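> Can you keep this structure in mind? I'll have questions shortly.
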Amino acid sequence: MDKAAIVQTIIGNNNFPKNQQATAFAPANIALAKYWGKREENLNIPVTNSLSISLGTKGSKTTIAINDKPQDEIYLNAQLVDNTSTFAQNIIDYLSLFRVPGLYFKVMTNSNIPIAAGVASSASGFAALATALNNLYAWQLASQELSILARLGSGSASRSLWHGFVEWEAGTRADGLDCFAKLLPYSWPQLRLGLLLYSTKAKSISSRQAMKATVNHCPFYSLWPSRVNAAITKIKSAIINQDFSSFGQTLETNALEMHALMLATYPPIIYSNADTMLGRQQVWAARNQGIEVYFTQDAGANLKLIFLQEQELLIQQLFPQLEIVNPWEEFCKKP
Ligand code: PMV
Numbered sequence: 015m016d017k018a019a020i021v022q023t024i025i026g027n028n029n030f031p032k033n034q035q036a037t038a039f040a041p042a043n044i045a046l047a048k049y050w051g052k053r054e055e056n057l058n059i060p061v062t063n064s065l066s067i068s069l070g071t072k073g074s075k076t077t078i079a080i081n082d083k084p085q086d087e088i089y090l091n092a093q094l095v096d097n098t099s100t101f102a103q104n105i106i107d108y109l110s111l112f113r114v115p116g117l118y119f120k121v122m123t124n125s126n127i128p129i130a131a132g133v134a135s136s137a138s139g140f141a142a143l144a145t146a147l148n149n150l151y152a153w154q155l156a157s158q159e160l161s162i163l164a165r166l167g168s169g170s171a172s173r174s175l176w177h178g179f180v181e182w183e184a185g186t187r188a189d190g191l192d193c194f195a196k197l198l199p200y201s202w203p204q205l206r207l208g209l210l211l212y213s214t215k216a217k218s219i220s221s222r223q224a225m226k227a228t229v230n231h232c233p234f235y236s237l238w239p240s241r242v243n244a245a246i247t248k249i250k251s252a253i254i255n256q257d258f259s260s261f262g263q264t265l266e267t268n269a270l271e272m273h274a275l276m277l278a279t280y281p282p283i284i285y286s287n288a289d290t291m292l293g294r295q296q297v298w299a300a301r302n303q304g305i306e307v308y309f310t311q312d313a314g315a316n317l318k319l320i321f322l323q324e325q326e327l328l329i330q331q332l333f334p335q336l337e338i339v340n341p342w343e344e345f346c347k348k349p
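Counting the sequence shown from 1 gives a position; our numbering is that position plus 14.
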């Protein structure tokens, strides 16, 4: 099945917008147990489950409107994006899944996170776009259907529809209709995240290409699924028992294992730079002094720190450039 067939299954005949415009917000999310590798390329169906936490008010707010011009127009942070850029192309291709002939859209996205720097901007972007489309067409989709639609834009977007802890299930069906994310019924109000941004430049290799290379050329990839599953189990019980040491150790190890897979791929894929390495060492040095802080890292050089609220001041002193995020701060403003 291709993307268009999946969309057709989900939205049926409701393929004409009921409103002139609609707006939605979706938070970015950071995986604590990562998605790395697809079992189906085109539909973004992962090899394994993954588990994330959303970034509260950090994310994307997207307005979609029916355009009176005979082309799509994409605005990012109030700037018109060139339709030949990869960024616009990805969105235009996605919009085409929902287009009847002659229908064009104007998409205005405001994102308060760096684009394509491994801070999950595509996740919040496609989740916000899928939710805005749901509002524009008045589909009234269930959250699991919306998660599938968001996944067709970007895999990790399937997890960006909720605040809090989310698990994305890989499912087993070839069409991926059982591959969607779910909100987990846990919270941890003392948990804080910090963004250590070393590079806001676009990544050197897309996560799509890097995943494919790892799956095909890393001799250790076959170990990965059982490692992720074990990490998910441990992270869930650490959340339930509010065991921060086990939580932090597990998520940090999972991130390093993902990067180890890429390092062991030929040609090697290295997202880290010298600052990333220094940052990791600073985190380990802090832990040696008894300050409990852990990191995770996605497909980029930046680190995300995880710590408890009681350590916030100390950690801000150690990492003055750290942007602290309270994942439980709700996005309360309606458009
Ligand atoms: O959804 P994508 O293609 O941006 O891939 C995301 C991959 C990681 O961020 C590294 C891991 C994850 O689970 O989000």
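Backbone N, C-alpha and C define an ideal beta-carbon position, used for all residues, glycine too. Bear in mind the structure is a predicted one, so any value in this text is a computation, not a measurement.
Given this structure, state the Cα-to-Cα distance separating TRP342 from TRP298, to the nearest angstrom.
The residue you call residue 342 lines up with position 328 of the sequence shown. The residue you call residue 298 lines up with position 284 of the sequence shown. Cα to Cα, TRP342 sits roughly 26 Å from TRP298.
> Would TYR89 and THR123 be called neighbours here (beta carbons separated by less than 9 Å)?
Residue 89 sits at position 75 when you count from the first residue of the sequence shown. Residue 123 sits at position 109 when you count from the first residue of the sequence shown. Result yes, Cβ atoms of TYR89 and THR123 sit closer than 9 Å.
> Where ARG53 and ILE246 are concerned, what is the direct C-alpha to C-alpha distance, given to the nearest angstrom?
Here residue 53 refers to the residue found at position 39 of the sequence shown. Here residue 246 refers to the residue found at position 232 of the sequence shown. Our two residues, ARG53 and ILE246, have alpha carbons roughly 19 Å apart in a direct line.
> Any chance the CB of ARG222 is under 8 Å from a heavy atom of the ligand PMV?
Along the sequence shown, read from residue 1 onward, the residue named residue 222 stands at position 208. Within the cutoff, so yes.
> Do you know offhand how far ALA244's Cα is from ASN268's?
Indexing the sequence shown from 1 puts residue 244 at position 230. Indexing the sequence shown from 1 puts residue 268 at position 254. Their Cα atoms are separated by approximately 10 Å.
> Tell me whether ALA188 sits in a helix, a strand or coil according to DSSP, three-state version.
Within the sequence shown, the letter at position 174 stands for residue 188. ALA188 falls in the coil class under three-state DSSP.
> Counting only the same chain and skipping the five closest in sequence on each side, list residues whose C-beta sits under 7 Å from that of LEU69.
Taking the first residue of the sequence shown as 1, we reach residue 69 at position 55. Answer for LEU69: PRO41, ALA42, ASN43, ILE44, LEU207, VAL339 and PRO341, listed in chain order.
> For SER218, is the classification buried or exposed, using 16 other Cβ atoms within 10 angstroms of its Cβ as the cut-off for buried?
For the purposes of this step, residue 218 is identified with residue 204 of the sequence shown, where counting begins at 1. Exposed, because fewer than 16 other Cβ atoms sit within 10 Å of the Cβ of SER218.
> Any chance the CB of ILE127 is under 8 Å from a heavy atom of the ligand PMV?
Start at 1 with the first residue of the sequence shown, and residue 127 comes out as number 113. Flag unset: Cβ of ILE127 not near the ligand PMV.
> Please classify GLY116: is it buried, with 16 or more other beta-carbons within 10 angstroms of its beta-carbon, or exposed?
Translated into the one-based positions of the sequence shown, residue 116 becomes position 102. Burial is judged here by how many other beta carbons sit within 10 angstroms of a residue's own beta carbon; GLY116 has fewer than 16 and is exposed.
> From LEU210 to MET276, what does the alpha carbon distance come to, in whole angstroms?
Translated into the one-based positions of the sequence shown, residue 210 becomes position 196. Translated into the one-based positions of the sequence shown, residue 276 becomes position 262. Those two C-alpha atoms are separated by around 22 Å.
> The alpha helix (DSSP H) that contains GLN303, what's its start and end?
Position 289 of the sequence shown holds residue 303. Neither: GLN303 is in no alpha helix (DSSP H) and is coded neither H nor E.
> Given 8 Å as the limit, tell me if GLY190 has its C-beta closer than that to any heavy atom belonging to the ligand PMV.
Here residue 190 refers to the residue found at position 176 when the sequence shown is read from its first residue. No, the ligand PMV has no heavy atom inside 8 Å of this Cβ.
> For the ligand PMV, I want to know if ASP107 counts as a neighbour, meaning its beta carbon is within less than 8 Å of at least one of the ligand's heavy atoms.
Within the sequence shown, the letter at position 93 stands for residue 107. No.
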